[in-house]
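Here's the structure we're looking at; comments come further down.
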Amino acid sequence: MQCAEFRTLLNRLLDQRRPPESDARLRSHARECSECHAFLAAHEALLSGLKGLPMPEPEDGLAERVLLELRPARPARRLLYRFVMPLAAAAAVVVVLTPLWRSAWQNSTGPARPSVDRVVRSEPKAHSPAVGGAVAPRTRTFAESGEQYAALARETGESLAAVVRQSHRPRWMQQVASGLKPLASPAKPAFNAVLRAIPSTERDSRS
Amino acid sequence: MSDDVRELVRCCLAGDESAIAALVERFEKAVFGLCFRMLGHRQDAEDVTQESFVRAIRNLRRWDAGRAFVPWLLAIAANRCRTLLSVRMRRPATIGMVDQFPDGSPDVQSARNLTEEVNLALGRVREEYRRAFLLFHDRQLSYAEIGDAMDCPIGTAKTWVHRARRELVEQLRERGVVEESSHAMRGI
Numbered sequence: 157m158q159c160a161e162f163r164t165l166l167n168r169l170l171d172q173r174r175p176p177e178s179d180a181r182l183r184s185h186a187r188e189c190s191e192c193h194a195f196l197a198a199h200e201a202l203l204s205g206l207k208g209l210p211m212p213e214p215e216d217g218l219a220e221r222v223l224l225e226l227r228p229a230r231p232a233r234r235l236l237y238r239f240v241m242p243l244a245a246a247a248a249v250v251v252v253l254t255p256l257w258r259s260a261w262q263n264s265t266g267p268a269r270p271s272v273d274r275v276v277r278s279e280p281k282a283h284s285p286a287v288g289g290a291v292a293p294r295t296r297t298f299a300e301s302g303e304q305y306a307a308l309a310r311e312t313g314e315s316l317a318a319v320v321r322q323s324h325r326p327r328w329m330q331q332v333a334s335g336l337k338p339l340a341s342p343a344k345p346a347f348n349a350v351l352r353a354i355p356s357t358e359r360d361s362r363s
Numbered sequence: 302m303s304d305d306v307r308e309l310v311r312c313c314l315a316g317d318e319s320a321i322a323a324l325v326e327r328f329e330k331a332v333f334g335l336c337f338r339m340l341g342h343r344q345d346a347e348d349v350t351q352e353s354f355v356r357a358i359r360n361l362r363r364w365d366a367g368r369a370f371v372p373w374l375l376a377i378a379a380n381r382c383r384t385l386l387s388v389r390m391r392r393p394a395t396i397g398m399v400d401q402f403p404d405g406s407p408d409v410q411s412a413r414n415l416t417e418e419v420n421l422a423l424g425r426v427r428e429e430y431r432r433a434f435l436l437f438h439d440r441q442l443s444y445a446e447i448g449d450a451m452d453c454p455i456g457t458a459k460t461w462v463h464r465a466r467r468e469l470v471e472q473l474r475e476r477g478v479v480e481e482s483s484h485a486m487r488g489i
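Chains X and Y, in that order, are what the protein sequence lines are. Position one of the first sequence corresponds to residue 157 (the numbering used here), numbered consecutively onward. Position one of the second sequence corresponds to residue 302 (the numbering used here), numbered consecutively onward.
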């Protein structure tokens with residue numbers, strides 16, 4: 157037997173998971189050839205060492221850990237992400253858009269009953285006496301302003317304090333406030349009901 | 302592949318948690334064994350084993366029921382190991398084996414040296430060779446199954462196992478490990 161043949165045969169035996177010493181021709185050649193003997197001994201050592209490698213047992217509870225990782229997020233969080241968050245986003249859009257829509261609608265059709273912000277906006281500016289032929293701005297007196305606020309309060313049905321407060325707000329704030337008013341009262345109990353439905357005290361079992 | 306594994310997989314796909322637990326318990330040793338051999342670190346092997354099962358179960362629908370299940374599962378585990386090894390920048394896998402052999406007698410000392418040398422040599426061969434070698438000699442997979450697991454032709458799997466053996470043997474001879482074993486083989 158040649159050395160090349162010896163190595164081919166050895167590989168074949170190992171591929172078949174048969175012990176090399178089971179083949180008589182291999183044994184015979186290994187006795188005569190020191191190089192092939194060492195080659196065979198190295199293979200024996202390798203397989204013997206591989207069998208001796210320590211193999212610890214996997215830690216207990218692997219199945220439980222896998223199941224825990226596979227379970228979906230807890231129901232409260234799922235409810236939050238699936239329903240509450242989109243609802244909150246939709247509500248925010250409504251809150252922002254409604255005043256703008258109301259304002260546009262009022263401008264196009266005209267209100268049936270004058271609102272404070274509309275009256276304040278349509279009120280002509282007070283002017284000072286003319287100087288040099290031109291019409292110069294005139295400063296309103298305290299009594300005049302008071303009379304105008306009282307007249308607005310009577311006209312709109314709002315309290316005098318509310319009329320004064322609203323007439324000094326910026327225009328955008330007046331629009332948002334008037335848009336929020338009809339939304340606030342029905343939305344409040346709805347939000348309270350949603351918050352009660354979320355079990356916020358539940359503990360996360362995965363942590 | 303046996304029909305009971307197919308049935309187990311079918312129950313897993315239906316969302317049966319007891320079937321998932323049974324599947325994990327049935328194959329955990331095979332997966333953990335491969336991970337431990339490839340990574341050489343118990344905690345890493347535990348983590349990768351868990352991650353492999355989670356991935357496998359989430360992707361059970363992709364498994365071709367006409368093929369063997371174990372190579373498919375081990376392929377997932379081996380890929381996770383490879384990812385972790387690349388993160389480790391191909392640091393050689395070493396296993397702390399000193400505590401495994403408390404006896405200091407010459408035979409035990411010799412066995413410890415041999416396993417340490419084999420372990421050291423395994424950490425030095427190319428990753429594909431090592432994986433193929435371990436799947437064949439340690440996990441006892443056939444070449445066809447190794448081809449499935451490593452997504453390569455059977456011939457390639459065979460070549461990798463042969464190269465791994467040759468490289469490992471060369472390393473053992475270079476380090477003089479074979480001399481001791483050689484004395485024991487004089488009788489053959």
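Virtual Cβ for every residue (Gly too), placed ideally from N, Cα, C.
- For residue 188 of chain X, no Cβ of chain Y is located within less than 7 Å of the residue's own Cβ.
- Taking CB atoms only, residue 217 of chain X has no neighbour in chain Y less than 7 Å away.
- In this chain, residue 369 of chain Y is not harboured by any alpha helix (DSSP H), its DSSP state being neither H nor E.
- Three or more beta-carbon pairs drawn from the segment 410 to 430 of chain Y and the segment 471 to 479 of chain Y are found closer than 8 Å, and the two stretches are therefore classed as touching.
- Ranking Y:359, Y:448, Y:336 and Y:304 by CA distance to the CA of residue 366 of chain Y puts Y:304 first.
- By the Cβ rule, the segment 346 to 353 of chain Y does not count as touching the segment 241 to 256 of chain X, because fewer than three pairs are nearer than 8 Å.
- Distance between residue 157 of chain X and residue 317 of chain Y, taken at the CA atoms: about 60 Å.
- The C-alpha of residue 240 of chain X is placed about 52 Å away from the C-alpha of residue 435 of chain Y.
- Using a CB distance cut-off of 7 Å, residue 174 of chain X does not count as an interface residue toward chain Y.
- Within the same chain, Cβ atoms closer than 7 Å to the Cβ of residue 459 of chain Y are found at 444, the five residues on either side in sequence being excluded.
- Burial is judged here by how many other beta carbons sit within 10 angstroms of a residue's own beta carbon; residue 347 of chain X has fewer than 16 and is exposed.
- Taking residue 331 of chain Y as reference, the option from Y:383, Y:321, Y:353 and Y:311 with the minimal CA-CA separation is Y:353.
- The CB of residue 348 of chain X never comes closer than 7 Å to any CB in chain Y; the least such distance is about 36 Å.
- Residue 380 of chain Y does not reach chain X, its nearest Cβ partner there being about 17 Å away, counting only Cβ pairs nearer than 9 Å.
- The Cβ of residue 328 of chain Y sits no closer than 7 Å to any Cβ of chain X.
- Under the Cβ criterion of 7 Å, residue 426 of chain Y is not counted among the residues facing chain X.
- If you draw a 10 Å sphere on the C-beta of residue 372 of chain Y, you find 16 or more other C-beta atoms in it, and that means buried.
- The straight-line gap separating the alpha-carbon atoms of residue 302 of chain X and residue 243 of chain X is approximately 45 Å.
- Between the beta-carbon of residue 368 of chain Y and that of residue 449 of chain Y there is about 6 Å, and that keeps the pair under the 8 Å contact cut.
- For residue 426 of chain Y, the secondary structure class from DSSP, reduced to helix, strand or coil, is coil.
- Per DSSP, the unbroken alpha helix (DSSP H) holding residue 451 of chain Y starts and ends at 444 to 451.
- Residue-level contact check: residue 477 of chain Y does not touch chain X, since none of the beta carbons of chain X fall below 7 Å from its beta carbon.
- Residues of chain Y whose Cβ lies closer than 8 Å to the Cβ of residue 191 of chain X do not exist; the shortest such Cβ separation is about 10 Å.
- Against residue 212 of chain X, the close residues of chain Y are 337 and 343, in the order they occur along the chain (beta-carbon pairs closer than 8 Å).
- Distance from the CA atom of residue 433 of chain Y to the CA atom of residue 462 of chain Y, rounded to whole angstroms, is 5 Å.
- Looking only at X:245, X:190, X:196 and X:228, the smallest Cα-Cα distance to residue 178 of chain X is reached by X:196.
- For residue 351 of chain Y, the enclosing alpha helix (DSSP H) stretches over residues 343 to 359.
- Of all residues in the segment 417 to 443 of chain Y, the ones placed with a Cβ closer than 9 Å to any Cβ belonging to chain X are 417, 418, 419, 420, 422, 423, 434, 435, 437, 438, 439 and 441, in chain order.
- Taking a 10 Å sphere around the C-beta of residue 250 of chain X, we find fewer than 16 other C-beta atoms and assign the residue as exposed.
- Between residue 417 of chain Y and residue 440 of chain Y, the alpha-carbon positions lie close to 19 Å from each other.
- Shown here, residue 193 of chain X sits in a helix according to DSSP, grouped into three states.
- Scanning its chain for C-beta atoms nearer than 6 Å, with the 5 sequence neighbours on each side dropped, one finds around residue 379 of chain Y the residues 432, in chain order.
- For residue 465 of chain Y, the CB contacts under 7 Å within the same chain, skipping 5 residues up- and downstream, are 426, 430, 431, 433 and 434 in chain order.
- Contact with chain X is absent for residue 467 of chain Y, since none of that chain's Cβ atoms lies less than 7 Å from the residue's Cβ.
- Listed along chain Y is no residue with a C-beta nearer than 7 Å to that of residue 180 of chain X; the closest approach is about 10 Å.
- Closer than 7 Å to the CB of residue 321 of chain X there is not a single CB belonging to chain Y.
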